[in-house]
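The structure appears below as structure tokens.
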């Protein structure tokens, strides 16, 4: 257990429905990331928060995706009008921003699996 | 755009074999390269490399970086079935908010 908590762990939804995932990072970490991973691929960056500010969004993040981190602690990722192509594992990660030579680099959560049927 | 290419994409070996996993990359303003192990769940951190030629070791695993080529290798000696996993290589650029760019991963299967 890395200390990054995600829920739900699995979600099956019908196409067109909205889904929301939650991530609770390690408490002292001010940086939070969302990644998406499909079978046979490495994780792909979606978005990044430093405290409550969303500082970077990937072009992969279409208008149907929105992420928030209202108080600089937990974060939510919402997907509206889901499509089958959204089926993937959504990974949350956090770090203290002291990446450099320290071993305690970016920690990933267990991921939230989304299946759109 | 930053790019990471891992090879081979999959590998099957027998217990006791030694394996070498490759990672080449293109990144503007390189900061670090990281290796992760993924076993059907979250990637777990193995190594972070920032300087060329300095080997990092952890038990049977070791890794080294060549910033000139540029590439990195991950070696696993005396493989065990528990080493079966996907091994991910990622790079980070300076000023990139620590955002990581991952390769597709190498699926290693260790047969008894």
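Residue numbers (our numbering), protein chains in the order written: chain W, 1 to 117; chain H, 1 to 112. Glycine included, every Cβ here is placed at the ideal spot set by N, Cα and C.
Here DSSP, grouped into helix, strand and coil, assigns residue 84/W to helix. Boundaries for residue 29/W: no beta strand (DSSP E) harbours it, and the DSSP string shows neither H nor E there. Less than 8 Å divides the Cβ of residue 76/H from the Cβ of residue 83/H. Within the model, the alpha-carbon separation for residue 13/W versus residue 83/W is close to 10 Å. Relative to the Cα of residue 46/W, the nearest Cα in the group 3/W, 79/W, 5/W and 117/W belongs to 79/W.
Around the beta carbon of residue 36/W, a 10 Å sphere encloses 16 or more other beta carbons of the protein chains shown; the residue is thus reported as buried. In the DSSP annotation of this structure, the continuous segment of the beta strand (DSSP E) that includes residue 45/H starts and ends at 44 to 49.
Here the alpha carbons of residue 69/H and residue 88/W stand approximately 34 Å from one another.
The C-alpha of residue 18/W lies about 26 Å from the C-alpha of residue 51/W. The Cβ of residue 102/H sits closer than 8 Å to at least one Cβ of chain W. Here the C-alpha atom of residue 9/H lies approximately 15 Å from the C-alpha atom of residue 90/H. What residue 78/H touches in chain W, judged by beta-carbon distance under 8 Å, is nothing: the nearest beta carbon there is about 24 Å away.
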